[in-house]
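Notes follow once the structure below has been shown.
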Amino acid sequence: MKFISLRPLAISLALLWQGHGQIISPSANVTNVAIDLLDGSHILHFLDVVDAFGHVSTRNPDNASQFIMSFAIAPALATSQSLVTYEIDNATAIQLTFNTSVTGDAVPSGFLERFIHSQIYKAFPNVTGVVHAHTLNVISFAAAEIGLRAQMGSAGSVGTLTNGTPIFDFDSLPTSVLPEDAPHNLLIGNEALGDALADIFENGSEVVLMKGHGMAVRGTSVRDVVFRAFYTMQNADVQSTASLLGALALGGQPPAGLSPRVAMDAVAAFESDSLLSRAWALWTAQVDQVPLYVNDLRS
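And the structure:
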């Protein structure tokens with residue numbers, strides 16, 4: 001496969017905007033989290049968690065009532081010039097994060113499902129990172145109406161709920177949330193649908209499966225939520241294999257997975273700064289070898 005570098009395009013756009021708009025210098029906090037946000041978008045694609053669709057966001061470290069994510073673009077193609085600062089209130093676009101001259105309606109169209117992010121941030125003040133992905137092996141569990149349970153230490157955040165991770169079922173929504181004449185297309189395209197999804201989260205799991213759609217994952221940072229999304233995907237593979245082996249050897253009993261104590265302690269260990277940094281160093285080194293991915297804030 002031939003990869004085309006987008007770095008010259010990013011530089012050209014920056015020069016164009018410098019001549020006709022205002023290139024700002026965001027705070028160090030915003031710049032640092034934006035670097036991780038771009039890396040996270042590229043890593044999720046590299047690791048096959050997302051494809052042309054799906055997205056990752058971060059709460060604005062300088063303003064807890066805002067979040068940052070790219071406008072509607074494939075995650076692999078995100079650069080600094082695609083990042084948008086949104087109000088959590090109604091997921092309203094404020095401006096391009098790195099070019100304040102582009103504001104309001106002039107901001108390119110955002111993801112319709114940015115309401116997944118806005119409403120999770122609204123419901124959970126301690127959440128600072130959100131991923132939405134259409135990962136195939138995760139969709140399989142939701143289709144079978146089987147929740148995930150943590151099967152390995154790196155996926156402790158999946159949790160050990162008795163019925164597994166909660167499953168969001170679009171077809172079960174009341175008409176007060178999803179009117180009969182509204183599109184029944186599985187997309188979380190307004191506040192009411194975003195609130196309904198956020199309400200499905202349960203203490204003890206950082207993941208919600210979405211029937212026919214994918215998953216939503218919440219985290220304490222961009223690095224943390226990317227880690228959780230990847231290992232949720234890995235956990236689904238392990239649980240699928242364990243279920244098959246259980247059917248052969250245990251008369252169809254589902255795998256029990258980790259105990260609550262082990263899962264909780266595993267989260268503390270595997271999602272510590274040192275282990276997250278180790279994984280992040282590997283993943284950024286890998287995406288840096290692929291010209292498709294351009295983090296113009298870091299390079």
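Mapping the sequence shown onto UniProt numbering, position 76 (from 1) lands on 76, and the numbers just tick up by one. Built from N, CA and C at the ideal position, the CB exists for glycine as well. Quick caveat: nothing in here was measured; it's all calculated off a predicted structure.
Helix, strand or coil for residue i, going by three-state DSSP, please let me know.
i, result
"H134", "coil"
"K2", "Because K2 carries a pLDDT of 42, less than 50, the predicted location of this residue cannot be relied on, and the following value inherits that uncertainty. Three-state DSSP puts K2 in coil, outside helix and strand."
"H184", "coil"
"W280", "helix"
"Y231", "helix"
"A93", "strand"
"E145", "coil"
"V84", "strand"
"M69", "strand"
"S243", "helix"
"S101", "strand"
"F111", "coil"
"G164", "coil"
"R298", "coil"
"G219", "strand"
"G153", "helix"
Out of curiosity, what's the CA-to-CA distance linking residue i and residue j?
i, j, result
"S82", "G110", "10 Å"
"I139", "Q234", "13 Å"
"G153", "T160", "12 Å"
"T85", "A279", "27 Å"
"S221", "T58", "7 Å"
"N137", "L209", "11 Å"
"L276", "G156", "14 Å"
"K2", "I73", "Caution is warranted here: a pLDDT of 42 is assigned to K2, below 50, making its placement in the model unreliable, and the coordinate value is therefore given only provisionally. Their Cα atoms are separated by approximately 20 Å."
"E145", "I167", "7 Å"
"R223", "E113", "21 Å"
"F141", "E271", "24 Å"
"residue 322", "T79", "Here the chain comprises residues numbered 1 to 299, so residue 322 is not present and cannot be evaluated."
"D288", "D181", "47 Å"
How far does the alpha helix (DSSP H) with residue i in it extend, from its first residue to its last?
i, result
"Y121", "R114 to A123"
"E191", "E191 to A198"
Taking the beta strand (DSSP E) that residue i falls in, what are its first and last residues?
i, result
"H213", "Looking at the DSSP string, H213 is not in any beta strand (DSSP E), and its letter there is neither H nor E."
"V33", "Element bounds for V33: not the beta strand (DSSP E) but the alpha helix (DSSP H), A28 to F46."
"R261", "Not the beta strand (DSSP E): R261 falls in the alpha helix (DSSP H), residues P260 to F270."
"R59", "H55 to R59"
**Message:** For the segment 236-244 against the segment 191-206, do three or more pairs of beta-carbon atoms, one drawn from each stretch, fall closer than 8 Å, so that the two count as touching?
**Reply:** no
**Request:** May I ask you to verify whether the segment 42-49 touches the segment 271-286, counting CB pairs closer than 8 Å and requiring at least 3?
**Result:** yes
**Message:** Below 8 Å, how does it come out for the segment 66-74 and the segment 26-41: are there three or more Cβ pairs, yes or no?
**Reply:** yes
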